[in-house]
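Student: Numbering (our numbering), first residue to last: 189 to 417. Even for Gly, the Cβ is constructed at its ideal location relative to N, Cα and C. Attaching a single structure in structure tokens format; questions to follow.
Structure follows, in structure tokens:
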């Protein structure tokens, strides 16, 4: 009975508390990223693929960033801080989290280079391809639901959460592209080389753009806070 009561209490909190609902959604998204990190490392062992090692390292950095954000936000929710206190605490840690986001951007260079220049033909199983496709669809759905279902779209917290989800989704599309080419294509050569090089560059540019935009927003917030104090 206690368990059922706790589940009911949790359900009503998710329904009524938008901040908590957003946190729970981000939690599940982070767990899926952690699982996908392990899955890529498993594929690296099975297929002896350097690309899966590099993308697994990237996802490990992204998972660490997500976990850090969850830890900070979770403490604020648990202590039931006022919105003003939450904002002050968030502004304290956001600069470090933005720097970590840049580390993830740099870590993405290795898998992109291996994707474009990969000479070894890695033939994944259909199960591996379907798994990556399912993960990508899941991330796209979460991204759309989070963006259109959030009321406070202009807050710094929401922007940062959306940026992480957008980056995660973009890289999952890149991963799906590589997996499908290796599974059902003839490898990265000819016109496929040009397509991969172009799409990879575009995705990485978009990711860096949103990281830079987030950094600029944090710097502006810091300056405004300094003027007010």
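Quick one: what does DSSP say residue 263 is sitting in, helix, strand or coil?
Tutor: The answer is helix: DSSP assigns residue 263 an H, G or I state.
Student: Using C-beta distances below 8 Å, list every residue in its chain close to residue 385, excluding the 5 sequence neighbours before and after it, in chain order.
Tutor: Cβ neighbours of residue 385 beyond the five flanking positions: 304.
Student: Helix, strand or coil: which one does DSSP assign to residue 205?
Tutor: Residue 205 falls in the coil class under three-state DSSP.
Student: Mind the definition here: the stretch 238-256 touches the stretch 211-222 only if three or more C-beta pairs lie below 8 Å; say whether that holds.
Tutor: Short answer: they touch.
Student: May I ask you to report which of helix, strand or coil DSSP gives residue 236?
Tutor: Correct three-state label for residue 236: coil.
Student: Which two residues bound the contiguous alpha helix (DSSP H) that contains residue 304?
Tutor: Here the alpha helix (DSSP H) through residue 304 covers 297-305.
Student: With H, G and I counted as helix, E and B as strand and the rest as coil, what does DSSP make of residue 220?
Tutor: In this structure, residue 220 counts as helix in the three-state DSSP scheme.
Student: Please determine, among 351, 410, 363, the residue with the shortest C-alpha to C-alpha distance to residue 394.
Tutor: Selected option, being the one with the closest Cα: 351.
Student: Using the beta-carbon count (16 or more within 10 Å), is residue 310 buried or exposed?
Tutor: Buried is the call here.
Student: With DSSP as the reference, label residue 377 as helix, strand or coil.
Tutor: Residue 377: coil per DSSP, three-state reduction.
Student: Straight-line CA distance for residue 411 to residue 404?
Tutor: Going by the C-alpha atoms only, they are around 11 Å apart.
Student: Mind listing, in chain order, the continuous alpha helix (DSSP H) runs of no fewer than 4 residues lying wholly within the stretch 311-340?
Tutor: List check, alpha helix (DSSP H) in window: 314-336.
Student: Report yes if the C-beta of residue 412 is less than 7 Å from at least one heavy atom of the ligand MN; otherwise report no.
Tutor: Here there are no bound small molecules, and the ligand MN is not part of this structure.
Student: Whose C-alpha, out of 297, 265, 353, 345, is nearest the C-alpha of residue 389?
Tutor: Taking only the C-alpha atoms, the option nearest residue 389 is 297.
Student: State yes or no: is the C-beta of residue 312 within less than 8 Å of the C-beta of residue 371?
Tutor: In this structure, residue 371 lies closer than 8 Å to residue 312 by Cβ.
Student: Can you give me the C-alpha to C-alpha distance between residue 235 and residue 278, rounded to a whole angstrom?
Tutor: The straight-line gap from Cα to Cα measures roughly 42 Å.
Student: Could you tell me whether the Cβ atoms of residue 210 and residue 349 are closer together than 8 Å?
Tutor: Yes, the pair counts as a contact, with Cβ atoms nearer than the cut-off.
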